[in-house]
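One structure is given here, and the rest of the page talks about it.
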Amino acid sequence: MAGNIKVNLKERSYEIIIGSGKLEELKEYVKNKSRIIIITDYTVGSLYGKKLQKTIKASSLIEIPPGEKYKSLSTAAAVYDKMIGLNAARDSLVVALGGGVIGDLSGFVAATYMRGIDLIQVPTTLLAMVDASIGGKTAVDHKMGKNLIGAFYQPKKVIIDTDALNTLPPGELKNGLAEVLKYGLIKDTSIIDVLDSNPKISANFWESIIIRCAKIKADIVSKDERELSGERMILNFGHTIGHAVESLSKYKKYSHGEAVGFGMLAASRIALNKKLIDVNKYEMIKNLIKKLKLPDKVNVMVKNILESVKMDKKVRNGKINFVLPVDIGKVKVFNDVSDQAIKEALMELGCK
């Protein structure tokens, strides 16, 4: 089974190509480029980077250390230096080969180098396959918060080779499953049914899950690329508190998936307290989060989370746009969630 999904953005539309062995097809999409810059980290580079470089003519490999702390302006500047040294021009192409950090950083570099050069996203983690590589959000982090410096910049194509999951550590799979669960909680309850049924993990299972999630994201991005109507904002479910937890832990103690998992639980607790969902639905969400071995409590101070949340990109006119569940498989955006409501929910979940 393989799938091609289209993101419809008029003249900037592009395909998401999903299946086994798709990495080999990349060379077919880069034929007319004078220079191809493959940006990756040392870990992915050792697995796929050098092999890919050999199969694509006129390509160069730029490797950076792995980890969120390297998703920074200083790393971007170092990549610019290398690209200039390689004589990368406006007709060059950036290939983002890696997980969410590489996708975000490479996309930001492509968006800003010479006012924008072409980009192809080649995600190698489950999280990047179902979420980060699709939709054109690119960014680097700032000391005041995650993804504060960035641009909307759509790729020319997203190539998802599901074989890359064979080399993914279990922790990275858990990271991605948090985003998979998110899609089930905001849009498609059949995803929850699959996750809850202890499925047999196989290549077909992953392909099916990735296709479902990618279709949801592609459809939402096609309708609301820049979060202007509020449709795309629902994809931020769990991310408001999640990003705060992630940045406050210096991207070490809690992974992105773990932080988002807790963020979804905290948002659900707020929803319970506001009587948007009943206790049975809250417990169902909590049990799903625990089943995926995502944290139901974090060791982060409430006051620090509240301060960090105020720097969130979803703040409009001084108010936080909070995505809260109103049913299993349905969320809405609220701008009336008070600091007290956030504080109460976090304290009820064991934060101090």
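Per full-length UniProt numbering, the sequence shown runs over residues 1 to 352.
Don't be surprised by glycine CBs; every beta carbon is placed ideally from N, CA and C.
In this text the structure is predicted, and so the values were computed from the model without any measurement.
(request) Give the single residue among P65, M301, P155 whose Cα lies nearest to the Cα of D41. (result) P65
(request) Check each candidate in I277, G150, L272, K54 and name the one with the smallest Cα separation from K27. (result) K54
(request) In the DSSP assignment, find the unbroken alpha helix (DSSP H) run with Q340 in it and report its ends. (result) 339-348
(request) Give every residue of the same chain whose Cβ lies closer than 6 Å to the Cβ of K223, excluding the five residues on either side of it in the sequence, and list them in chain order. (result) E231
(request) May I ask which residues mark the beginning and end of the alpha helix (DSSP H) holding A203? (result) 203-223
(request) Compare the beta carbon distance of Y251 and E68 with 8 Å and say whether it is the shorter of the two. (result) yes
(request) May I ask which residues mark the beginning and end of the beta strand (DSSP E) holding S268? (result) Per DSSP, S268 belongs to no beta strand (DSSP E); it is in the alpha helix (DSSP H), 256-273.
(message) I need the straight-line Cα distance from Y254 to N304, nearest angstrom please.
(response) 15 Å
(request) Go ahead and pull the three-state DSSP assignment for Q154. (result) coil
(message) For I36 and V44, which I take to be in contact (beta-carbon distance under 8 Å), what is that distance rounded to the nearest angstrom?
(response) Actually they do not touch by this definition, with Cβ atoms about 16 Å apart.
(request) Return the CA-CA distance between V94 and S106, expressed in angstroms with no decimal places. (result) 7 Å
(request) Verify whether the separation of the beta carbon atoms of residue 358 and I17 is less than 8 Å. (result) Because the chain here runs from 1 to 352, residue 358 falls outside it and cannot be looked at.
(request) Given a cut-off of 8 Å, decide if G103 and A96 are closer than it, judged by their beta-carbon atoms. (result) yes
(request) Indicate, with yes or no, if the ligand COA has a heavy atom lying under 7 Å from the CB of E68. (result) Ligands are entirely absent from the displayed structure, and the ligand COA is therefore not among its contents.
(request) Please report the residue range of the alpha helix (DSSP H) in which S74 lies. (result) 73-85
(message) With distance defined between alpha-carbon atoms, name the residue in E307, D296, K330 nearest to I320.
(response) E307
(message) With a threshold of 8 Å, are at least 3 pairs of Cβ atoms found where one atom belongs to the segment 149-156 and the other to the segment 277-296?
(response) no
(request) Run the CB neighbour count on P325, radius 10 Å, all protein chains shown included, and call it buried at 16 or more, exposed below. (result) buried
(request) State the Cα-Cα distance for the pair M144 and E246, rounded to the nearest angstrom. (result) 12 Å
(message) Which of the three DSSP states is assigned to G107 in this structure?
(response) helix
(message) I'd like to know if the segment 152-168 and the segment 238-245 are in contact, where contact means that at least 3 CB-CB pairs between them fall below 8 Å.
(response) no
(message) If distances are taken between C-alpha atoms only, which option among G184, K157, K330, M233 comes closest to I134?
(response) K157
(request) Have a look at I209 and G116 and give me their C-alpha separation to the nearest angstrom. (result) 32 Å
(message) Measuring straight from C-alpha to C-alpha, what distance separates V279 and L272?
(response) 7 Å
(request) Using three-state DSSP, classify I192 as helix, strand or coil. (result) helix
(message) With three or more beta-carbon pairs closer than 8 Å as the criterion, would you say the segment 183-201 touches the segment 56-65?
(response) no
(message) Between L294 and G257, how many whole angstroms is the CB-CB distance? I'm expecting something under 8 Å.
(response) 7 Å
(message) Rounded to whole angstroms, what is the Cα-Cα separation between E179 and R90?
(response) 34 Å
(request) Taking 8 Å as the cut-off, decide whether the C-beta atoms of I211 and G21 are in contact. (result) no
(message) For K286 and L86, I'd like the C-alpha separation in whole angstroms.
(response) 50 Å
(message) Between the alpha carbons of I342 and G19, how many angstroms are there, rounded?
(response) 41 Å
(message) By alpha-carbon positions, which one of I220, N335, K82, T125 ends up nearest to Y48?
(response) T125
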